[in-house]
Amino acid sequence: MMPAITFPAVRVASSGDRDPAVAATALASQLQHPDLGCVLFFCSAEYDLARLGQALEREFSGIQVSGCTSAGEITPEGYGRGCITAIGFDRRYFAIDTALIQQLDNFTLQDAQRCIDELLATCRDADLAPIRGNTFAITLLDGLSSREELVLSTLNAALGTIPQFGGSAGDDERLNDTHVFYRGRFYSNAATVLLVNTPLDFRVFSTHHMTARSEKLIVTRSDSDSRTVYELNAEPAAEVYARTVGVAVADLSRETFALHPMAVRIGGHYFIRSVQRVNADGSLTFYCAVETGIVMTTMEPGSLQESLRQQLEKAEKVVGPPLVTIGCDCFLRRLEAELTGIDQEVSRFLREHRVIGFNSYGEQFDGMHINQTFTGVVIGQPEVVAGQH
45 MMPAITFPAV
55 RVASSGDRDP
65 AVAATALASQ
75 LQHPDLGCVL
85 FFCSAEYDLA
95 RLGQALEREF
105 SGIQVSGCTS
115 AGEITPEGYG
125 RGCITAIGFD
135 RRYFAIDTAL
145 IQQLDNFTLQ
155 DAQRCIDELL
165 ATCRDADLAP
175 IRGNTFAITL
185 LDGLSSREEL
195 VLSTLNAALG
205 TIPQFGGSAG
215 DDERLNDTHV
225 FYRGRFYSNA
235 ATVLLVNTPL
245 DFRVFSTHHM
255 TARSEKLIVT
265 RSDSDSRTVY
275 ELNAEPAAEV
285 YARTVGVAVA
295 DLSRETFALH
305 PMAVRIGGHY
315 FIRSVQRVNA
325 DGSLTFYCAV
335 ETGIVMTTME
345 PGSLQESLRQ
355 QLEKAEKVVG
365 PPLVTIGCDC
375 FLRRLEAELT
385 GIDQEVSRFL
395 REHRVIGFNS
405 YGEQFDGMHI
415 NQTFTGVVIG
425 QPEVVAGQH
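When we follow the numbering used here, the leftmost residue of the sequence shown carries the number 45, and every step to the right adds one.
Rendered as structure tokens:
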């Protein structure tokens, strides 16, 4: 039987103060309690990260703290910028262990199996709930490493039937330096894995609102390591893409990329491939894996708000009223919401559905790296004991 509830099984917090010590103290004042077991946070890359890491370690001494830098935050009040937002997990309801993966290029299945086995052992020792059906994994990766696919597919093989989601760290759209956080330090070219075991109901999900158009573009020359496409349909990639979406090459921008992504069809489903930038040689660099020979379909936006509403309400029918929803929301989705004037409406919706998370440079779902999606987990409330308030 789970313990009587004296306060929520998770607490949420945020701070907009730019001084790292003040921000960390603010989070601690909102999250600390005797049974706090783990903290997950997302922060602007504009913080002095070395000082922030030290401050978090000081304020949450003895408590596991994980997180990453972001391209925008989702706070208890909805969308935020230039701030830090966090979730504190009660150890009586959540057994959580974390691991750091460095040298992403050399991450093997043996490494993944060892990592997951160690995390599973910690969760089993806590004896909160059986592993099967009560465990999910959260992955946070350096969003500029270009190694998400390798790490995710390897981890997914080790996780087996355990569902997984996550996001690629951002840096406020500077595309310069992204970090994950583990045991008091921020790391680049690294990933963190959180294994979460809980008796509470949850549902891991992923959704996007893009619909397919008729145009098909074949990647005829590319460099998969750098995710760069030089030719589409045997012509310069930027020229073909610009012509397809109806703008001049000189007018291609992040706004164009947000509203006109491409997608690869796998098993009857479309997985978005978003353009990161146009290069001087007329090539296109993507946020996700691309390789010569794949066929990409041009996409156009449907209703961002409606697709998200349907997905969260579907999840909430399974788990009940949400305790919290942890969300990785592509920064291009937020940009689209701003461009179309619905960002305040979306922000209000996120607040109402208790979403805490961040705007990411890519999303992760069951071993796949994808773009322009909202991916996360809805966690249900503990059952209230009769007569309890």
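The beta carbon of each residue, even a glycine, is placed where N, CA and C say it ideally should be.
Subject >> Where P174 falls, given that 16 or more other Cβ within 10 Å makes a residue buried >> reply: By the 10 Å Cβ count, P174 comes out exposed.
Original post:
According to DSSP, is S270 helix, strand or coil?
Top reply: Three-state result, S270: coil.
Subject >> Outcome for P64 when other beta-carbon atoms lying within 10 angstroms are tallied against a minimum of 16 >> reply: By the neighbour-count definition (other C-beta atoms within 10 Å, threshold 16), P64 is a buried residue.
Subject >> H397 classed as buried or exposed, judged by whether at least 16 other C-beta atoms fall within 10 angstroms >> reply: Only buried fits H397, as 16 or more other CB atoms lie within 10 angstroms of its CB.
Original post:
Hey, would you say R265 sits closer than 8 angstroms to T336, going by beta carbons?
Top reply: With contacts defined as CB atoms closer than 8 angstroms, R265 and T336 qualify as a contacting pair.
**OP:** Can you tell me the Cβ-Cβ gap for G241 and I262, rounded? I've got them flagged as a contact below 8 angstroms.
**Re:** The sequence as given places Asn at residue 241; Gly does not occur at that position. Not really, about 44 angstroms apart at Cβ, beyond 8 angstroms.
Original post:
Between which two residues does the beta strand (DSSP E) harbouring A130 extend?
Top reply: A130 -> beta strand (DSSP E) spans 128 to 134.
Subject >> DSSP state of I182 mapped onto helix, strand, coil >> reply: Strand.
Subject >> Residue of T342, I423, V83, F315 minimising C-alpha distance to A333 >> reply: Here the closest residue by C-alpha is F315.
Original post:
CB-CB under 6 angstroms to T288, same chain, minus the five flanking residues each way: which ones, in chain order?
Top reply: Annotation for T288: E259, T342 place their beta carbon closer than 6 angstroms to its own, counting only its chain and skipping 5 residues before and after.
**OP:** Would you mind working out which of F104, L80, N220 sits nearest A67, comparing C-alpha positions?
**Re:** When the alpha-carbon of A67 is set against those of F104, L80, N220, the nearest one is in F104.
Subject >> Inter-residue Cα distance where the pair is D215 and E283 >> reply: So the alpha carbons of these two residues sit roughly 29 angstroms apart.
Original post:
Thinking C-beta only, is L239 closer than 8 angstroms to C127?
Top reply: Result no, Cβ atoms of C127 and L239 do not sit closer than 8 angstroms.
Subject >> Identity of the residues DSSP links to H313 by a beta bridge >> reply: Looking at the DSSP assignment, H313 forms a beta bridge with I310.
Original post:
Given a threshold of 16 other Cβ atoms within 10 Å of its Cβ, counted over all protein chains shown, does H77 qualify as buried or as exposed?
Top reply: Classification of H77: exposed, given that the 10 Å Cβ count is below 16.
**OP:** Apply the 10 Å Cβ neighbour rule to P47 and answer buried if 16 or more other Cβ atoms are within range, or exposed otherwise.
**Re:** Confidence is the limiting factor: at P47 the pLDDT is only 45, short of 50, which leaves the residue's position unreliable, though a coordinate-based value still follows. Exposed, since its Cβ has fewer than 16 Cβ neighbours within 10 Å.
**OP:** Tell me, please, whether the region 141 to 148 touches the region 409 to 418 by the rule of three or more beta-carbon pairs shorter than 8 angstroms.
**Re:** These segments do not touch.
Subject >> Rounded distance between the beta-carbons of G401 and S212, thought under 8 angstroms >> reply: Not really, about 13 angstroms apart at Cβ, beyond 8 angstroms.
Subject >> Where Y285 falls: helix, strand or coil (DSSP) >> reply: Shown here, Y285 sits in a helix according to DSSP, grouped into three states.
Subject >> Validate contact between the region 158 to 165 and the region 187 to 207 using beta carbons, cut 8 angstroms, 3 pairs >> reply: Taking a cut-off of 8 angstroms on C-beta distances, the region 158 to 165 touches the region 187 to 207, as three or more cross pairs fall below it.
Original post:
Using CA coordinates, which residue listed in E121, A70, S114 is at the minimum distance from G90?
Top reply: The amino acid occupying residue 90 in the given sequence is Glu; Gly does not appear at that position. Of the candidates E121, A70, S114, the one whose C-alpha sits nearest the C-alpha of E90 is S114.
Subject >> Nearest to T251 (by Cα), restricted to the options Y123, D269, R377, R227 >> reply: Of the residues Y123, D269, R377, R227, the one whose Cα lies closest to the Cα of T251 is R377.
**OP:** Could you tell me which residues DSSP puts in a beta bridge with F409?
**Re:** Answer is F209, M412.
Original post:
According to DSSP, is L328 helix, strand or coil?
Top reply: DSSP places L328 in the strand class (E or B) of the three-state scheme.
Original post:
Across which residues does DSSP place C82 in a beta bridge pair?
Top reply: Note: C82 is bridge-paired with Q108, F133 in the DSSP secondary-structure output.
**OP:** In angstroms with no decimal places, state the Cα-to-Cα distance between R257 and P280.
**Re:** If I take the Cα positions, the gap works out to 21 angstroms.
Original post:
Looking at the structure shown, is N403 part of a helix, part of a strand, or coil, going by DSSP?
Top reply: Under the three-state reduction of DSSP, N403 is assigned to strand.
Original post:
Can you tell me where the alpha helix (DSSP H) with R95 in it begins and where it stops?
Top reply: 93 to 103 is the span of the alpha helix (DSSP H), which, as asked, contains R95.
Subject >> T142 versus E217, R102, T183, residue with shortest Cα-Cα distance >> reply: If you compare the alpha carbons of E217, R102, T183 with that of T142, the shortest gap goes to T183.
Original post:
So, is H313 buried or exposed, given that buried needs 16 or more other C-beta atoms within 10 angstroms?
Top reply: Counting Cβ neighbours within 10 Å, H313 comes out exposed, since fewer than 16 surround it.
**OP:** Check whether the Cβ atoms of E299 and L379 lie closer than 8 angstroms to each other.
**Re:** In this structure, L379 lies closer than 8 angstroms to E299 by Cβ.
**OP:** Return the chain-ordered list of same chain residues with a C-beta closer than 8 angstroms to the C-beta of S268, the five sequence neighbours on each side being excluded.
**Re:** Result list for S268: A333, V334, E335, T336, in chain order.
**OP:** Look at G177 and R55 and say whether their C-beta atoms are less than 8 angstroms apart.
**Re:** No. Outside cutoff.
Original post:
Are the Cβ atoms of A307 and R317 separated by less than 8 angstroms?
Top reply: A Cβ-Cβ contact shorter than 8 angstroms links A307 with R317.
**OP:** Just the C-alpha distance for A57 and L75, rounded to the nearest angstrom, thanks.
**Re:** Rounded to whole angstroms, A57 to L75 spans 7 angstroms at the Cα level.
**OP:** May I ask you to report which of helix, strand or coil DSSP gives I160?
**Re:** In this structure, I160 counts as helix in the three-state DSSP scheme.
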